[in-house]
Amino acid sequence: MRAFFFSLFLTLLAFFTFGVKAQECTGDLNQRISCYESNLTKLGNSSKTLSSQIYQFDAQIRLTTLKITQTEEQISLLSGRIDQLEGSLGSLTSAYSERVVETYKMGRVGDPFFLLISSSNLSEVFSRYSYLKKIQEADKGLLQRLQKVQDTYKEEKVSQEDLQAKLETQQKQLNSQKLSKAKLLEITKNDEKKYQSLLAKARAELEAIQSILVGRGQEIESGKIDEGSRIASIISGASPCSSGGHLHFEVVKDKNHQNPASFLSSRSVIWDNSPDSPFSFTGSWQWPINEPIRITQGYGMTYYAAKLNYYNGAPHTGVDMINISDYTVKAVKPGVLYKGAIACGGGTLRYVRVKQDDGYDTYYLHINY
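Now the structure itself:
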């Protein structure tokens, strides 16, 4: 009976949350872009079902595809204008080159002394002088037109380069969005119950971590330990608030989360955090697990935090890692070891904390001790 009501709840939730997709986007290119932008704004970060999350990815993919089409059309239009400008520039340059030669010749003929001795009367002098001035004005106008076309050509070329860069960015964005959707289907198996279970575990873990930081975890002091000391072992499979074996490693200073990548030393790792990108480790601390090290999620607004809204808009507060052949967990720095536990997702989440001699606290979650 409980399973029936849970399924009914998910169906109703999907109906109300996913209702935004009822608005089909039609019309010209700009109208469809505006429509998808409006749909995504309405949906925002409120995706509570797998179907609504998939629609959000689909809408983003369609929107980016339309924007790529728009940019390609702008590039095509601009390329046509640039071709015309190149033709005009060539013609004007050729005409101006010819006029420079002619003006030079006429300039010699237009010498005042030569005009006086070569003209039969003053009327002819003034007539020839007036004609020469008109030619010079025409040459000046031709030069101004040439300069204007040159300036416009340069501006259009810069605009073309900007649009090309924009297109490349949009294409990368589209590839990322397609990967994001594929990753969602991979981890959920397109199963609503599995998706809800993953969300519940992630949010319960976040709540547990927040509770630990304010002292609600049950901790027992275990004594002084050295850097590199074995302090725990990773649980090999699923555990409370975790769908699979991994170490969640956190660094805290004055109850504020820090990015562990800024403290761990540079190391060659196996990246398993797609569709997120690899990142650098820039510190000097040794690692909490042995090599080979596989990174499954980084710190901050990761794919799970930003795209799947696992943590209700909050960032991922640590780095997730695993060594599938060695579950040993080691202290990254010397300090005092505390063994802790806290309720999480209907079970008990075990963790250890090292109150380090350097003033930092490091937390190691999803472990046994």
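Numbered by mature numbering (1 follows the signal peptide of the UniProt record, and there is no 0), the letters in the sequence shown go through residues -22 to -1, 1 to 347 in order.
Beta carbons: idealized from backbone N, C-alpha and C, even for Gly.
State the Cα-Cα distance for the pair residue i and residue j, rounded to the nearest angstrom.
{"i": "G313", "j": "Q334", "result": "4 Å"}
{"i": "S137", "j": "L124", "result": "20 Å"}
{"i": "E139", "j": "E205", "result": "53 Å"}
{"i": "D339", "j": "N268", "result": "21 Å"}
{"i": "G58", "j": "S72", "result": "21 Å"}
{"i": "E134", "j": "F35", "result": "35 Å"}
{"i": "A186", "j": "V229", "result": "16 Å"}
{"i": "A178", "j": "I165", "result": "14 Å"}
{"i": "E199", "j": "H235", "result": "22 Å"}
{"i": "L327", "j": "I345", "result": "8 Å"}
{"i": "residue 361", "j": "S54", "result": "This structure does not reach residue 361, given that the chain is present from -22 up to 347, and the question cannot be answered."}
{"i": "Y341", "j": "V310", "result": "10 Å"}
{"i": "L41", "j": "K150", "result": "14 Å"}
{"i": "A216", "j": "A180", "result": "13 Å"}
{"i": "L56", "j": "E50", "result": "10 Å"}
{"i": "L63", "j": "V127", "result": "7 Å"}
{"i": "S214", "j": "M279", "result": "26 Å"}
{"i": "W249", "j": "S255", "result": "8 Å"}
{"i": "A30", "j": "A321", "result": "For clarity, residue 30 is Ser in the given sequence; the question names Ala instead. Going from the Cα of S30 to the Cα of A321 covers about 30 Å."}
{"i": "Y347", "j": "K172", "result": "29 Å"}
{"i": "G201", "j": "S262", "result": "24 Å"}
{"i": "Q188", "j": "E197", "result": "15 Å"}
{"i": "Q148", "j": "N290", "result": "27 Å"}
{"i": "A292", "j": "T4", "result": "35 Å"}
{"i": "G65", "j": "L7", "result": "31 Å"}
{"i": "Q9", "j": "E15", "result": "10 Å"}
{"i": "A182", "j": "C219", "result": "6 Å"}
{"i": "A(-1)", "j": "N17", "result": "Any reading at A(-1) needs caution, since the residue's pLDDT is 42, under 50, leaving its predicted position unreliable; the model's value is listed next. So the two alpha carbons sit approximately 10 Å from each other."}
{"i": "L343", "j": "V332", "result": "12 Å"}
{"i": "L286", "j": "K233", "result": "26 Å"}
{"i": "Q174", "j": "D129", "result": "59 Å"}
{"i": "H294", "j": "F257", "result": "15 Å"}
{"i": "A284", "j": "Y277", "result": "12 Å"}
{"i": "Q52", "j": "Q264", "result": "52 Å"}
In the structure shown, what three-state DSSP assignment does residue i receive?
{"i": "K172", "result": "helix"}
{"i": "V192", "result": "coil"}
{"i": "residue 350", "result": "The structure shown has nothing for residue 350, since the chain only spans -22 to 347."}
{"i": "A309", "result": "coil"}
{"i": "E164", "result": "helix"}
{"i": "S66", "result": "helix"}
{"i": "R123", "result": "helix"}
{"i": "V247", "result": "coil"}
{"i": "E183", "result": "helix"}
{"i": "L286", "result": "coil"}
{"i": "A321", "result": "strand"}
{"i": "I60", "result": "helix"}
{"i": "A(-20)", "result": "For A(-20), the predicted model reports a pLDDT of 41, less than 50, meaning its position is unreliable; a value from the coordinates is still stated below. Of the three classes helix, strand and coil, the one that applies to A(-20) here is helix, per DSSP."}
{"i": "Y347", "result": "coil"}
{"i": "K144", "result": "helix"}
{"i": "S303", "result": "coil"}
{"i": "S252", "result": "coil"}
{"i": "K202", "result": "strand"}
Going by beta-carbon coordinates alone, are residue i and residue j separated by less than 8 Å?
{"i": "L176", "j": "Y131", "result": "no"}
{"i": "F259", "j": "R245", "result": "yes"}
{"i": "I46", "j": "L162", "result": "no"}
{"i": "G296", "j": "K231", "result": "no"}
{"i": "Q155", "j": "Q48", "result": "no"}
{"i": "Y282", "j": "I190", "result": "no"}
{"i": "Y305", "j": "S211", "result": "yes"}
{"i": "S252", "j": "L184", "result": "no"}
{"i": "I32", "j": "K159", "result": "yes"}
{"i": "I203", "j": "V307", "result": "no"}
{"i": "G193", "j": "G318", "result": "no"}
{"i": "L21", "j": "E170", "result": "no"}
What residue does the beta strand (DSSP E) around residue i start on, and which one ends it?
{"i": "K333", "result": "G325 to Q334"}
{"i": "Y341", "result": "D339 to L343"}
{"i": "Q264", "result": "Run containing Q264: none; DSSP gives neither H nor E here."}
{"i": "S211", "result": "R208 to I212"}
{"i": "L242", "result": "L242 -> no beta strand (DSSP E), and no H or E assigned at all."}
{"i": "D298", "result": "V297 to I300"}
{"i": "T274", "result": "R272 to Q275"}
{"i": "E228", "result": "L225 to K231"}
{"i": "H235", "result": "N234 to Q236"}
In the DSSP assignment, find the unbroken alpha helix (DSSP H) run with residue i in it and report its ends.
{"i": "Q9", "result": "L7 to L21"}
- Task: Inspect the CB distances between the region 269 to 283 and the region 306 to 321 and report whether three or more fall short of 8 Å.
- Result: Not touching, per the Cβ criterion.
- Message: Tell me whether the region 141 to 151 and the region 222 to 240 touch, counting them as touching only if at least three CB pairs, one residue from each stretch, are closer than 8 Å.
- Response: With the cut-off at 8 Å, the region 141 to 151 and the region 222 to 240 do not touch.
- contact_flag[the region 212 to 230, the region 296 to 303] where n(CB pairs < 8 Å) is 3 or more: yes
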